[in-house]
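Novice: Handing you a structure now.
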Amino acid sequence: MFDFKHAEYIVPAFAITAIVFAGMIGFSLNHARRWRKRYEELTRK
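Quick note on my numbering: the sequence shown kicks off at 52 and runs consecutively.
Below you can see the structure in the form of structure tokens.
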């Protein structure tokens, strides 16, 4: 059933996808942290 003919294409594609998803999650969390800090600074005044 699995002959791994296309593994040389599939495995790097999965790796690239995982790296991109991790980058997007990291960017999103960092961005949310910055906006939360900015919001807290503005609401203290």
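Heads up, the beta-carbon is just placed ideally off N, CA and C, and yes, glycines get one too. Fair warning: this is a prediction, and the values are worked out from it, not measured in the lab.
Alpha carbon to alpha carbon, what distance is there between residue 69 and residue 83?
Specialist: Indexing the sequence shown from 1 puts residue 83 at position 32. Indexing the sequence shown from 1 puts residue 69 at position 18. Approximately 21 Å, taken between the alpha carbons.
Novice: Using only the alpha-carbon positions, how far apart do residue 56 and residue 77 sit?
Specialist: Counted from its first residue, the sequence shown places residue 56 at position 5. Counted from its first residue, the sequence shown places residue 77 at position 26. Answer to the nearest angstrom: the Cα atoms are 34 Å apart.
Novice: At what residues does the alpha helix (DSSP H) containing residue 78 begin and finish?
Specialist: On the sequence shown, residue 78 is found 27 positions in, with the first residue counted as 1. Where residue 78 is concerned, the enclosing alpha helix (DSSP H) stretches over 58–95.
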